[in-house]
Amino acid sequence: MRMNFAARAGAVVALSVGASAQAGNVVFQSISNNGFFTPFNSSNAGTVKYGDGGWLSGFGSDTYTLTKITLGLASFGSEASGTTDLVFTFNDGDPSGLVFGSGATLYSTTVTGVSIPGATPGFGTYFDVEIPLPNIVTAGGFNNIGWSVGLANYNFGGSLGFQVGSASGQFSGFYTSNASFYNGSSWSLFSFGGDPNTGVANYTATIEGFITPTPGAAALLGGAGLIGLRRRR
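When we follow the working numbering, the leftmost residue of the sequence shown carries the number 10, and every step to the right adds one.
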């Protein structure tokens, strides 16, 4: 279910999972300005996965060390709260391997007992889940990144999913126009339509970390052509 309005029921809920990660700068950020998408429900939880990705830089030799990701999630369709386990992977590019990067899993974890807030009928409730990353080092080049979310032990009467950002809502790093879907046996790609701004499937997420320049890379960082680079699919 894709909702084109950014309605919220009650206060925004923020959940921090696990120990605090090393402080870092924001290296990737897509804000919530394009409604929400809640595809998980009791009939498919445990089978399907949804993923997204992007990249952090223009082509170069620098790498990034990543310390935390904050996912913008949304609930819909039930006034009663619930819980779920969130099965999370962080990948070298989109987890499907169909966009940029290999799709290889760099880190995986299961966040148990995530609280799902209830929502007023016809509206969605937005909440964040913070997941520390164990100093994941990107591969260099465009520094492709991605992630996937699956569920286990789903106990919620409504649907669950993602806050969505438009193309213009990408504040740091670079988005891809497509997100990815695993149906239990294979991955595929999708977007929300042909509009170049609102039709992109760009889940709301913030990634923190820091850059580690390699010797002689300063000239590349100063290249105006790389600073303004956008690569989309």
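Yeah, the Cβ is synthetic: ideal placement off N, Cα and C, and Gly gets one too. Only a predicted model underlies this, so the values are computations on that prediction, with no experimental measurement involved.
Assuming contact is defined by CB atoms lying nearer than 8 Å, are residue i and residue j in contact in what I supplied?
i	j	result
residue 171	residue 83	yes
residue 110	residue 102	yes
residue 169	residue 49	yes
residue 159	residue 91	no
residue 186	residue 104	no
residue 189	residue 195	no
residue 36	residue 65	yes
residue 217	residue 77	yes
residue 33	residue 219	yes
residue 176	residue 130	no
residue 155	residue 61	yes
Assuming residue i contacts residue j (C-beta within less than 8 Å), just tell me the rounded distance between them.
i	j	result
residue 211	residue 184	5 Å
residue 115	residue 99	5 Å
residue 201	residue 38	The pair is not a contact, with the Cβ atoms about 19 Å apart (cut-off 8 Å).
residue 119	residue 137	Actually they do not touch by this definition, with Cβ atoms about 18 Å apart.
residue 85	residue 55	Incorrect: roughly 19 Å between the Cβ atoms, too far for contact.
residue 207	residue 53	Contact flag wrong, Cβ pair sits at about 25 Å.
residue 161	residue 209	Going by Cβ atoms, the distance from residue 161 to residue 209 rounds to 29 Å, so no, they are not a contact pair.
Closer than 6 Å by C-beta to residue i: which residues in its own chain qualify, once you throw out the five before and the five after it? Chain order, please.
i	result
residue 237	Residue confidence is low: residue 237 scores 37 on pLDDT, short of 50, so the model does not pin down where it sits. Its coordinate-derived value is still stated next. Hits under 6 Å: none found.
residue 146	72, 74
residue 127	87, 88, 89, 90
residue 144	74
residue 30	Because the pLDDT of residue 30 is 38, which lies under 50, any placement of that residue in the model is unreliable, and the number read from its coordinates should be weighed accordingly. Once the five neighbours on either side are set aside, the close Cβ partners of residue 30 are 76, 77, 141.
residue 117	98
Bridge partners for residue i per DSSP, in chain order?
i	result
residue 34	218
residue 83	135, 170
residue 118	97
residue 191	58, 196
residue 146	74
residue 50	Per DSSP, none; premise fails for residue 50.
residue 123	93
residue 140	78
residue 183	64
residue 209	Paired residue(s): none; residue 209 is not in a bridge.
Given residue i, which residues of its chain have a CB within under 7 Å of its CB, disregarding the five upstream and five downstream residues?
i	result
residue 40	174, 178, 180, 213
residue 51	163
residue 113	100, 101
Please tell me whether residue i has its Cβ less than 8 Å away from any Cβ of chain D.
i	result
residue 91	Within the model displayed, chain D is absent; a lone protein chain is all it includes.
Only counting the same chain, and skipping five residues up and downstream in sequence, which positions put a Cβ closer than 8 Å to that of residue i?
i	result
residue 193	56, 57
query: Touch check for the region 63-76 and the region 145-154: three-plus C-beta pairs under 8 Å?
result: The count of Cβ pairs closer than 8 Å, one atom from the region 63-76 and one from the region 145-154, reaches three, so the stretches are in contact.
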